[in-house]
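For the sequence shown, UniProt numbering begins at 1 and goes up steadily by one.
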Amino acid sequence: MLTGLKSLVRKATSIFASPKAQTYPIIIPRSDHSLSRQNLSPNAVKVLYRLNKAGFDAYLVGGCIRDHLIGVDAKDFDVVTNATPEEIHDLFSNSRLIGRRFRLVHVTFGREIIEVSTFRAPSAQEDSASKPQESLKGKDSARSAHGIVLRDNVYGSIEEDAERRDFTFNALYYNVQDFSIHDYCGGLEDIANKKIRIIGDARQRYQEDPVRMLRAIRFAGKLGFDIDEETAAPIKEMAHLLDHIPPARLFEEVLKLLGSGNGIKTFHLLRQYGLFKYLFPDTEALLVSGWKRDDINPEAFILQGLENTDKRLQAGKTTAPYFLYAVMLWPSVVLRHEEFQSQGMSTTPALHQAASMVLDNQVASTAIPRRFSTPMREIWDMQFRLPKRYGKRAFVLIDHPRFRAAFDFLLIRELSGTELGGLGAWWESFQFANENEQRELIKSIDLRANDKEGPKKRRPRRRKKSNAPQRETPEE
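See below:
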């Protein structure tokens, strides 16, 4: 696919006399590229045609074009137009207005959502930094004291919109009226050269939105592209700006970074560029310290968890966000659990206290909704319950709603080097055995060897003291 793209780039740039004096946009006619309506979402095409019919300009933009040219199946189809959000909303009854920072319209077709935005222009130069107590109501654009764009709803032309996009390969537009591709910033050439290059001055663009640094890493991991030298240079120095991004937004970014099927490579890149510590500060501190125990090697465990997640996603399976976060935070939970036990706390209270501390520290960096933190706690708790298989406990555990996730988590621990005495293999057999075989498996357990606590012994009952007067013993 990229070989054909290089030919396309040469053909496009040959239109102009001097490559140094390249004029944009480069317009690639339908006859010179392979993108057709068959490669597009039918619903996205409907949105384009309806906007055109209403007299508006409308284009597909960004990732769906980039991915097709690279040879990756496109999942998201974003539309951009000169219609305002209110005009778009009025045109589609199946739409809703969303966003404050960026005003957008979501047009829904069952489970598919087509995101439609309006051409944007650069923010007005005279906009001053907003104070924390200052209201943004009524403002079309505003920046924080750190230069981060808080609101950007200044509308402009398609040329201005292209300049406002983050990377060159995301400033590609598809015109459904003549099926041409418009390249405004040299994105075709950067795709051919496998380069990630930011549009404009890298320092300024990262200051406007520090999440662009994470996006550069995500594309490098996902596409296998190299980050352009000028694009990469300021990242380590400016990584601290992520501290000023809302934790809820960073939670979503983490899922995109590590839950895209390229988690291992992305993890290494995040650490290489000094970004990981702003997403998982406790985990990074633990990895830097070199702490480990005989039963856990933190980095080996995290890498094994990411490898398993990558394989699932590459096989077309899904993975739950809470499982990914449970993997990333487990080493910190183990460390805190050890600390609380050394203070005299018993196993279960120490675990609950450790989980609370780790989660409280984490939500300051990336928000974790309760619907995810609760199953995370259950997975961690099950790691201490799965070894206790005597009596009826094994039957109770296997019916637990979080059993399968906890079992997968257990296997990751074993694969990363934790010795659990064949616990994973035992539970694997137990799941697929009939009831008689399950009872035999329970009988085969050496309770004293595999469960330090063993079955609890029943305490003898104490006799209640009688309130009746005691009889006097006759003297002899």
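Even for Gly, the Cβ is constructed at its ideal location relative to N, Cα and C. The structure presented is a predicted model; accordingly, all values stated were derived computationally and were not measured.
Among 23, 323, 238, 72, the one whose alpha carbon lies nearest that of residue 371: Nearest option by C-alpha distance: 323.
Boundaries (first-last residue) of the beta strand (DSSP E) holding residue 78: In this chain, the beta strand (DSSP E) harbouring residue 78 covers 78 to 81.
Residue 274 beta carbon less than 9 Å from that of residue 317: Cβ atoms of residue 317 and residue 274: not closer than 9 Å.
Run of the beta strand (DSSP E) containing residue 183, from where it starts to where it stops: For residue 183, the uninterrupted beta strand (DSSP E) segment begins and ends at 180 to 183.
Local conformation of residue 33 per DSSP, three classes: DSSP places residue 33 outside both helix and strand once states are collapsed to three, so it counts as coil.
Close-in-space but distant-in-sequence residues of the same chain around residue 337 (CB under 7 Å, 5 per side omitted): Here residue 337 has 350, 351, 354 as same chain residues with Cβ atoms under 7 Å from its own Cβ, once five neighbours each way along the sequence are excluded.
Residue(s) in a DSSP beta bridge with residue 105: Answer is 97, 116, bridged to residue 105.
Cβ shell of residue 429 (< 7 Å), same chain only, five flanking positions each side left out: The beta carbon of residue 429 sits closer than 7 Å to those of 441, all from its chain and outside the five residues before and after it, given in chain order.
Residue span of the beta strand (DSSP E) that contains residue 58, given as start and end: For residue 58, the enclosing beta strand (DSSP E) stretches over residues 58 to 61.
Assigned secondary structure, residue 155 (DSSP; H/G/I helix, E/B strand, else coil): In the structure shown, residue 155 sits in a strand (DSSP, three-state: E or B).
Nearest to residue 284 (by Cα), restricted to the options 241, 221, 330: That would be 330, whose Cα lies nearest to the Cα of residue 284.
Extent of the continuous beta strand (DSSP E) run through residue 28: 26 to 28 is the span of the beta strand (DSSP E), which, as asked, contains residue 28.
Contact the segment 279 to 296 vs the segment 413 to 420: 3+ CB pairs below 8 Å: Cβ pair count under 8 Å is three or more, so yes.
CA-to-CA distance, residue 304 to residue 410, given in whole angstroms: Their backbone Cα atoms lie some 11 Å apart in a straight line.
Nearest candidate by alpha-carbon position, reference residue 221, set 192, 269, 58, 194: Residue 221 has its Cα closest to that of 269, out of 192, 269, 58, 194.
Beta-carbon contacts of residue 254 that lie in its chain and below 7 Å, excluding the five residues immediately before and after: So the qualifying residues of the chain are 279, 366.
Residue 369 and residue 251 closer than 9 Å at C-beta: Closer than 9 Å, so yes.
Inter-residue spacing [alpha-carbon to alpha-carbon] between residue 406 and residue 384: Rounded to whole angstroms, residue 406 to residue 384 spans 10 Å at the Cα level.
For residue 163 and residue 499, believed in contact at Cβ under 8 Å, the rounded distance: No information on residue 499 is available, as it lies outside the stretch 1 to 476 that the chain covers here.
Three-state secondary structure (DSSP) of residue 380: Note: residue 380 maps to helix in three-state DSSP.
Spatial distance of residue 339 from residue 389 (CA atoms): Cα to Cα, the separation comes out at about 27 Å.
Cβ-based neighbour list, residue 112, same chain, cut-off 6 Å, excluding 5 preceding and 5 following: Taken in chain order, the residues that qualify are 43.
Buried or exposed by the 16-neighbour rule on C-beta atoms within 10 Å, applied to residue 335: By the 10 Å Cβ count, residue 335 comes out buried.
Endpoints, the alpha helix (DSSP H) within which residue 325 is located: Residues 321 to 342.
Range of the contiguous beta strand (DSSP E) that encloses residue 174: Unbroken beta strand (DSSP E) run through residue 174: 172 to 175.
Cβ distance (whole Å) where residue 80 is taken to contact residue 161 below 8 Å: The pair is a contact, with the Cβ atoms about 6 Å apart (cut-off 8 Å).
Candidates 214, 378, 265, 380, of which the one nearest residue 242 by Cα: Among 214, 378, 265, 380, the Cα nearest to that of residue 242 is on 214.
Beta-carbon proximity check, residue 332 vs residue 358, cutoff 9 Å: In this structure, residue 358 lies closer than 9 Å to residue 332 by Cβ.
Rounded straight-line distance, which links the Cα of residue 261 to that of residue 53: Using only the alpha carbons, I get a separation of about 39 Å.
Burial state of residue 348, where buried means 16 or more other Cβ atoms lie within 10 Å: Counting Cβ neighbours within 10 Å, residue 348 comes out exposed, since fewer than 16 surround it.
Residue 426 to residue 435 span [Cα, whole Å]: Taken atom to atom, the span from the alpha-carbon of residue 426 to that of residue 435 is near 15 Å.
As assigned by DSSP and simplified to three states, the class of residue 236: DSSP places residue 236 within a helical segment (H, G or I) once states are collapsed to three.
Beta-bridge pairing of residue 296 - partner residues as DSSP gives them: Note: residue 296 sits in a beta bridge opposite 293.
Buried or exposed by the 16-neighbour rule on C-beta atoms within 10 Å, applied to residue 90: Exposed.
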